[in-house]
Amino acid sequence: MELNNCVLLETLPEGRSLFFSAPVKIISTVKTSRVMECLHKMDALSGRGFYLAGYAAYEAGYAFEKKYPEIPEQFPFPLLWFGVYKKPLLLNNKNRVGIYKKLFPAGLKTENPAALPALSAADYKKKINIIKNHLQNGDIYQLNFTFPLKFSFSQNGFALYNEMKTKQPVKYSAFIRRGSSYICSVSPELFFEKNGSRMRCLPMKGTMPRGNSITADQQNAQSLKNSIKNRAENTMIADLIRNDLGKISRPGSIMVKKPFGLEKHETLFQMTTEIRSQLNPGIKLADIFPALFPCGSVTGAPKIRAMQIIKTLESSWRGVYTGTLGYITPGGKNAVFSVAIRTAELKRQKGRLGIGSGIVWDSRSDEEYGECLLKSAFLFPGYSEFKIIESLLLVRKKYYFLNEHLDRMEKSAACFSFVFSREKIVRALLKHARNSSPEARKIRLLLGRSGDFSIEQSKLAPVRHAVLKIKISDQAVNSRDLFLQHKTTKRRLFNEEFSGKKNCAEIIFCNERGEITEGSSNNIFIRKKNLFFTPPLS
Numbered sequence: 000m001e002l003n004n005c006v007l008l009e010t011l012p013e014g015r016s017l018f019f020s021a022p023v024k025i026i027s028t029v030k031t032s033r034v035m036e037c038l039h040k041m042d043a044l045s046g047r048g049f050y051l052a053g054y055a056a057y058e059a060g061y062a063f064e065k066k067y068p069e070i071p072e073q074f075p076f077p078l079l080w081f082g083v084y085k086k087p088l089l090l091n092n093k094n095r096v097g098i099y100k101k102l103f104p105a106g107l108k109t110e111n112p113a114a115l116p117a118l119s120a121a122d123y124k125k126k127i128n129i130i131k132n133h134l135q136n137g138d139i140y141q142l143n144f145t146f147p148l149k150f151s152f153s154q155n156g157f158a159l160y161n162e163m164k165t166k167q168p169v170k171y172s173a174f175i176r177r178g179s180s181y182i183c184s185v186s187p188e189l190f191f192e193k194n195g196s197r198m199r200c201l202p203m204k205g206t207m208p209r210g211n212s213i214t215a216d217q218q219n220a221q222s223l224k225n226s227i228k229n230r231a232e233n234t235m236i237a238d239l240i241r242n243d244l245g246k247i248s249r250p251g252s253i254m255v256k257k258p259f260g261l262e263k264h265e266t267l268f269q270m271t272t273e274i275r276s277q278l279n280p281g282i283k284l285a286d287i288f289p290a291l292f293p294c295g296s297v298t299g300a301p302k303i304r305a306m307q308i309i310k311t312l313e314s315s316w317r318g319v320y321t322g323t324l325g326y327i328t329p330g331g332k333n334a335v336f337s338v339a340i341r342t343a344e345l346k347r348q349k350g351r352l353g354i355g356s357g358i359v360w361d362s363r364s365d366e367e368y369g370e371c372l373l374k375s376a377f378l379f380p381g382y383s384e385f386k387i388i389e390s391l392l393l394v395r396k397k398y399y400f401l402n403e404h405l406d407r408m409e410k411s412a413a414c415f416s417f418v419f420s421r422e423k424i425v426r427a428l429l430k431h432a433r434n435s436s437p438e439a440r441k442i443r444l445l446l447g448r449s450g451d452f453s454i455e456q457s458k459l460a461p462v463r464h465a466v467l468k469i470k471i472s473d474q475a476v477n478s479r480d481l482f483l484q485h486k487t488t489k490r491r492l493f494n495e496e497f498s499g500k501k502n503c504a505e506i507i508f509c510n511e512r513g514e515i516t517e518g519s520s521n522n523i524f525i526r527k528k529n530l531f532f533t534p535p536l537s
């Protein structure tokens with residue numbers, strides 16, 4: 000199997016994962032003047048029965064307008080790169096592992112790269128002030144300003160991709176290998192989906208971090224939905240997309256569906272608005288890209304003026320970031336393209352991940368800078384895959400507080416977007432209880448992201464009526480950490496502290512305010528007369 004010039008597209012809307020390899024031809028250019036020529040070639044090859052899969056860099060958008068001054072004729076990277084393939088391999092649970100092993104024969108060991116923002120908070124503020132001058136002068140209504148995070152990565156590029164999609168499960172994951180270069184993308188945003196003559200766009204604009212408790216999470220979601228600033232940003236971009244679609248769609252066919260919808264991700268909520276239309280007869284890629292690309296959610300409004308200002312303010316080319324990745328079926332009948340956000344480029348163990356946000360008049364530079372870093376939190380240290388845990392007491396084949404334990408697990412599953420089937424779990428737990436001995440047992444229930452779960456059991460340690468040695472950790476936990484509100488396998492600090500303290504029955508943790516929170520493996524209760532007190536979740 001030829002792995003050079005391969006394209007892997009996973010978790011597509013129709014639930015398929017496609018692997019394209021061994022291209023019969025590569026269509027690519029570094030020259031602005033040849034972008035349209037390449038699109039026409041793609042249409043021709045699609046018409047001959049081939050699939051095409053690949054990407055267009057953000058800077059390819061300069062080819063569609065003559066109003067961008069000082070644009071170089073040649074770029075140091077491909078503006079457009081598409082493989083021409085006979086047919087993709089449809090991945091399933093049986094062949095997926097084999098493909099993964101071929102892509103990364105050393106295994107799927109991953110690492111957390113350390114990143115360095117290419118723009119300091121102080122320099123970022125200066126750029127935002129310039130943008131606000133443009134806003135005040137009426138040059139633009141909004142501008143999407145970006146900068147890269149740079150990092151080193153010693154593993155195979157597929158390892159980074161695997162790490163990214165594990166930490167940030169999204170609808171549009173993509174991995175592309177071109178020689179020693181790799182593109183790893185975990186985009187939550189649809190650029191466009193073409194199904195015959197039907198078009199669908201889902202621009203994403205508006206961000207709010209996840210809360211550190213179920214209540215706070217719900218409050219943050221509602222705050223985003225009611226935010227005048229975020230709704231205004233979303234409306235501006237939705238209007239821009241409607242205008243772009245109008246260039247290639249039948250009059251009166253453009254419809255807005257589900258305005259101000261919310262999508263929940265690992266670290267943040269995002270606001271979306273769905274837009275649909277019917278294409279004019281005979282519309283092809285060479286018509287769609289000049290009309291829509293780049294997506295308005297990554298430029299600002301009005302698009303041309305925003306892109307002109309972006310070129311003067313951003314100190315480096317964006318490359319694939321904020322461009323698009325996707326595929327086209329034979330005859331151009333169907334196509335799915337994502338907006339290339341949450342996208343990293345790797346070459347010779349050096350990587351860059353673009354981040355950005357939409358700037359309007361009332362934007363605060365400190366908040367926007369924080370939002371940008373928040374959007375990279377899924378990749379860099381502090382986030383890893385985990386499972387949700389519940390520990391139950393089983394005595395004489397009966398569980399104590401079973402419903403309460405499952406209620407808590409269900410709330411955690413909702414918070415982290417895990418699949419939770421109460422019926423299946425109860426059925427498995429009851430079967431386990433029937434087959435168990437009558438002695439008291441500790442039952443450990445672990446829930447995975449896709450709804451998979453496992454049941455473990457262990458004997459209860461005998462109660463020791465003796466003075467036990469405990470220690471208070473000198474490592475404070477963060478009271479704002481969402482994971483402190485939930486029982487999960489993400490317990491690195493607790494495990495390391497306990498393993499490092501020999502001859503201790505328990506390690507007690509405090510937060511940054513010096514308040515006792517919990518033990519490394521037990522909850523804390525204090526008895527006062529006949530009442531028991533335990534630290535609150537807050």
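Using numbering that gives the first Met the number 0, the letters of the sequence shown correspond one by one to residues 0 to 537. From the three backbone atoms N, C-alpha and C, an ideal C-beta is built for every residue, glycine too. Here the structure is a predicted model, which is why all the values come from computation and not from measurement.
Distance between beta carbons of residue j and residue i, contact taken as under 8 angstroms
{"i": "Ile507", "j": "Ile471", "result": "5 angstroms"}
{"i": "Pro168", "j": "Tyr84", "result": "No, Pro168 and Tyr84 are not in contact; Cβ-Cβ is about 26 angstroms, not under 8 angstroms."}
{"i": "Leu284", "j": "Met41", "result": "6 angstroms"}
{"i": "Arg443", "j": "Glu455", "result": "4 angstroms"}
{"i": "Met203", "j": "Gln269", "result": "5 angstroms"}
{"i": "Glu273", "j": "Leu352", "result": "Wrong, their Cβ atoms sit about 27 angstroms apart, outside the cutoff."}
{"i": "Thr323", "j": "Tyr54", "result": "6 angstroms"}
Residue i - DSSP class collapsed to helix/strand/coil
{"i": "Leu284", "result": "helix"}
{"i": "Ala120", "result": "helix"}
{"i": "Gln218", "result": "helix"}
{"i": "Val185", "result": "strand"}
{"i": "Gln348", "result": "coil"}
{"i": "Gln73", "result": "strand"}
{"i": "Gln135", "result": "helix"}
{"i": "Phe497", "result": "helix"}
{"i": "Arg241", "result": "helix"}
{"i": "Lys93", "result": "coil"}
{"i": "Leu378", "result": "coil"}
{"i": "Gln474", "result": "coil"}
{"i": "Leu201", "result": "strand"}
{"i": "Leu261", "result": "strand"}
{"i": "Gly299", "result": "strand"}
{"i": "Gly106", "result": "Note that Gly106 scores a pLDDT of 46, beneath 50, so its modelled location is shaky; the value from the coordinates is reported in the next line. If DSSP states are grouped into helix, strand and coil, Gly106 belongs with coil."}
{"i": "Lys468", "result": "coil"}
{"i": "Pro289", "result": "helix"}
{"i": "Gly60", "result": "helix"}
{"i": "Gln307", "result": "helix"}
Distance between residue j and residue i (C-alpha atoms, nearest Å)
{"i": "Glu389", "j": "Lys310", "result": "52 angstroms"}
{"i": "Leu8", "j": "Thr298", "result": "25 angstroms"}
{"i": "Phe18", "j": "Gly156", "result": "16 angstroms"}
{"i": "Ser420", "j": "Phe452", "result": "10 angstroms"}
{"i": "Asn229", "j": "Trp360", "result": "12 angstroms"}
{"i": "Ile282", "j": "His39", "result": "12 angstroms"}
{"i": "Lys397", "j": "His404", "result": "14 angstroms"}
{"i": "Lys86", "j": "Ala432", "result": "50 angstroms"}
{"i": "Ala413", "j": "Ile129", "result": "41 angstroms"}
{"i": "Lys542", "j": "Val338", "result": "A question about residue 542 goes unanswered here, because the residues of the chain that appear run from 0 up to 537."}
{"i": "Arg584", "j": "Ser276", "result": "Any question about residue 584 goes unanswered here, given that the chain covers just 0 to 537."}
{"i": "Gly450", "j": "Ile525", "result": "36 angstroms"}
{"i": "Ile354", "j": "Arg209", "result": "18 angstroms"}
{"i": "Leu223", "j": "Asp216", "result": "11 angstroms"}
{"i": "Arg177", "j": "Leu51", "result": "15 angstroms"}
{"i": "Gly260", "j": "Asn225", "result": "11 angstroms"}
{"i": "Lys101", "j": "Ser16", "result": "16 angstroms"}
Residues sharing a beta bridge with residue i, DSSP
{"i": "Pro22", "result": "For Pro22, which the question treats as bridged, DSSP gives no partner whatsoever."}
{"i": "Leu530", "result": "Lys527"}
{"i": "Trp360", "result": "Note: Trp360 sits in no beta bridge, so no partner."}
{"i": "Leu484", "result": "Before going further, note that residue 484 is Gln rather than Leu in the sequence given. Paired residues: none, contrary to the question."}
{"i": "Thr328", "result": "BP columns for Thr328 are empty, so no partner."}
{"i": "Lys149", "result": "Leu115, Arg351"}
{"i": "Phe81", "result": "Ile26, Gly53"}
{"i": "Ala334", "result": "Lys193, Ile327"}
{"i": "Gly518", "result": "Ile507"}
{"i": "Ile98", "result": "Its beta-bridge partners do not exist; DSSP assigns none."}
Buried versus exposed call for residue i [16 or more other C-beta atoms within 10 Å across all chains shown]
{"i": "Ala59", "result": "buried"}
{"i": "Val418", "result": "exposed"}
{"i": "Thr271", "result": "buried"}
{"i": "Glu367", "result": "buried"}
{"i": "Asn161", "result": "buried"}
{"i": "Ala305", "result": "buried"}
{"i": "Arg47", "result": "exposed"}
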